[in-house]
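Residue numbers (our numbering): 8 to 348.
Yeah, the Cβ is synthetic: ideal placement off N, Cα and C, and Gly gets one too.
See below for the structure under consideration.
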């Protein structure tokens, strides 16, 4: 039974980490310098886009962007098969999920290499992490459809934290797939396999609103650099939500298969997104052949570039700080960079 449980959790972890790919108008060749890495579960660019963190085995690798050179490899006894990862807003620390059952949060400080460990006594499977802009709150999403809001006043504690003040947010009916705070840090936005986007007030955990995204599971969200627009990937479509007036815009950014990841360019003019489902094969899933990365004009949904060539589902995408490169990574096919300007 334990083996079954772990197999299920590993499969879900892989599903939730699948990233970005798509099909479009123009094909651009990849940078020839493919960076090979072991199979990894998570891919996250630092807030200033100077570093990319990937999780693999029992370590975190930091890559310098856009060159994709290894800056640092980080390991610790506290890091056991790290999966999802989230950078703190100052770029000096990150939180990651860890443990054979992916039920522990580790906070690692790059400056003094201290490690904080947050233990969940309920042993729930962690699917997503997000920091508030002021680093006072850490949101943790679970496969059990719950969200914890943990108050982390300093973010630097070296002790094991079992009983942090927290709020438990109930409302979703399926895996929590993505989390993001608004620019003020006063609202948390969550997405789920139940096809819903939900807004929560941070100070008291009140559910403010819910929106169904017709067409499929919500797999990815990204807040624009100006904090005004939320991009969501659900079903085979990228939609844009104006946080000021609550209106949605379907910009006709559509793919052949499910959209798994979205990210904004530094100036907020472009979006990169991707698709490609797992349906069978290893872990009882087969792989989609639609493994491409697509760049869009955010204002009108026009397709600008299409990238292909990775031989595995893409687990993430990011723009470089100058907006000239898109970085993509596949779960067992390494990292690639693509010139877009």
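Task: Candidates 248, 90 and 233: closest to residue 240 by CA position - done: Per the C-alpha coordinates, the member of 248, 90 and 233 positioned closest to residue 240 is 248.
Open item on the list: Can you confirm whether the stretch 179-197 touches the stretch 112-119 when touching is taken to mean that 3 or more C-beta pairs between the two stretches lie within less than 8 Å?
Closed with: In this structure the stretch 112-119 does not touch the stretch 179-197; the number of beta carbon pairs closer than 8 Å is below three.
Open item on the list: Using only the alpha-carbon positions, how far apart do residue 329 and residue 53 sit?
Closed with: When rounded, the separation of the alpha-carbon atoms in residue 329 and residue 53 is 14 Å.
Open item on the list: Is the separation between the beta-carbon of residue 270 and that of residue 326 shorter than 8 Å?
Closed with: A contact, by the Cβ cut-off of 8 Å.
- [ ] With a threshold of 16 other CB atoms inside 10 Å of the CB of residue 175, please say whether the residue is buried or exposed.
- [x] Flag for residue 175 reads exposed.
Open item on the list: DSSP three-state label for residue 245, please.
Closed with: Correct three-state label for residue 245: strand.
TODO: Please state if the CB of residue 138 and the CB of residue 96 are separated by a distance shorter than 8 Å.
DONE: Between residue 96 and residue 138, the C-beta gap is smaller than 8 Å, which places the two residues in contact.
Open item on the list: Considering only their Cβ atoms, is the gap separating residue 110 from residue 132 smaller than 8 Å?
Closed with: In this structure, residue 132 places its C-beta atom within 8 Å of the C-beta atom of residue 110.
- [ ] Indicate whether residue 73 and residue 332 have their beta-carbon atoms separated by less than 8 Å.
- [x] Residue 332 sits close to residue 73, with the two beta carbons spaced by under 8 Å.
TODO: Could you check how far apart the C-beta atoms of residue 275 and residue 233 are, in whole angstroms? I think they sit under 8 Å.
DONE: Contact annotation, residue 275 with residue 233: C-beta distance approximately 6 Å; criterion of less than 8 Å satisfied.
Open item on the list: Alpha carbons only, please: which of 250, 56, 246 and 313 is nearest the one belonging to residue 189?
Closed with: Answer by Cα proximity: 250.
Open item on the list: Alpha carbons only, please: which of 112, 268 and 148 is nearest the one belonging to residue 227?
Closed with: Of the candidates 112, 268 and 148, the residue whose Cα lies closest to the Cα of residue 227 is 268.
- [ ] Would you mind working out which of 78, 104, 99 and 93 sits nearest residue 87, comparing C-alpha positions?
- [x] If we check each option's Cα against that of residue 87, 104 comes out closest.
Open item on the list: Do residue 214 and residue 245 have their beta-carbon atoms positioned less than 8 Å apart in this structure?
Closed with: No, the pair does not count as a contact, with Cβ atoms beyond the cut-off.
TODO: Would you tell me roughly how many angstroms separate the C-alpha atoms of residue 208 and residue 100, rounded to the nearest one?
DONE: In this structure, the straight-line span from the alpha carbon of residue 208 to that of residue 100 is close to 25 Å.
Open item on the list: If you reduce the DSSP assignment to three classes, tell me which class residue 307 lands in.
Closed with: In the structure shown, residue 307 adopts coil according to DSSP, grouped into three states.
Task: Assigned exposure category for residue 201 - 16 Cβ within 10 Å defines buried - done: Of the other Cβ atoms in all chains shown, 16 or more fall within 10 Å of the Cβ of residue 201; this residue is therefore buried.
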